[in-house]
Amino acid sequence: MSSLSFALGKKAQRLPERRRPAFPMIALAVLFSLLALLPPGFVIAVGVDTGWETIQALVFRPRVAELLSNTLWLIALTVPLCIALGVGPVSYTH
Numbered sequence: 111m112s113s114l115s116f117a118l119g120k121k122a123q124r125l126p127e128r129r130r131p132a133f134p135m136i137a138l139a140v141l142f143s144l145l146a147l148l149p150p151g152f153v154i155a156v157g158v159d160t161g162w163e164t165i166q167a168l169v170f171r172p173r174v175a176e177l178l179s180n181t182l183w184l185i186a187l188t189v190p191l192c193i194a195l196g197v198g199p200v201s202y203t204h
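One gets my numbering by counting positions in the sequence shown from 1 and adding 110 to each.
Okay, structure coming up:
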C-alpha cells in the first residue's frame, strides 16, 4: 500500500505511518495461538496411539452421524440468519 492518499481535486495528503505492535502483544498472540493448538494436538496424539480400528469403531457409528447431521442443520439455518442480521438493512438503521 502507498502512504499517500489520492483524491480527485485535492492535494495528496500523507497518511501517518503505521507502527508495529509492541513485543508483549506479539508474544501474547503467539502464546495464545500455541495454547489453542493443544486440544487438536491432544486428539491427534491419542488417535495415533489408539489405532485406526478403535477410531473407526468410535467415529463411524449412528449416534455420531446423528450429532453431525444436527450440527450441519444448525449451521445451515443460523449462518444465513446471522448474515442477514449483520449485513442486511436492519443493521444500518440509525
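Note that the Cβ used here is the ideal one computed from N, Cα and C, for glycine as well.
Nothing here was measured: the structure is a model prediction, and the numbers come from that model.
What three-state label does DSSP hand residue i in the structure shown?
i      : result
Arg173 : helix
Phe142 : helix
Leu148 : helix
Ala132 : coil
Gly157 : helix
Gly196 : helix
Out of the options, state which residue places its alpha-carbon closest to the alpha-carbon of residue i.
i      : options                        : result
Val153 : Leu141, Leu184, Ile136, Val169 : Val169
Is there at least one non-hydrogen atom of the ligand PLP closer than 8 Å to the beta-carbon of residue i?
i      : result
Leu141 : With respect to small molecules bound, the structure shown includes none, and the ligand PLP cannot be examined in it.
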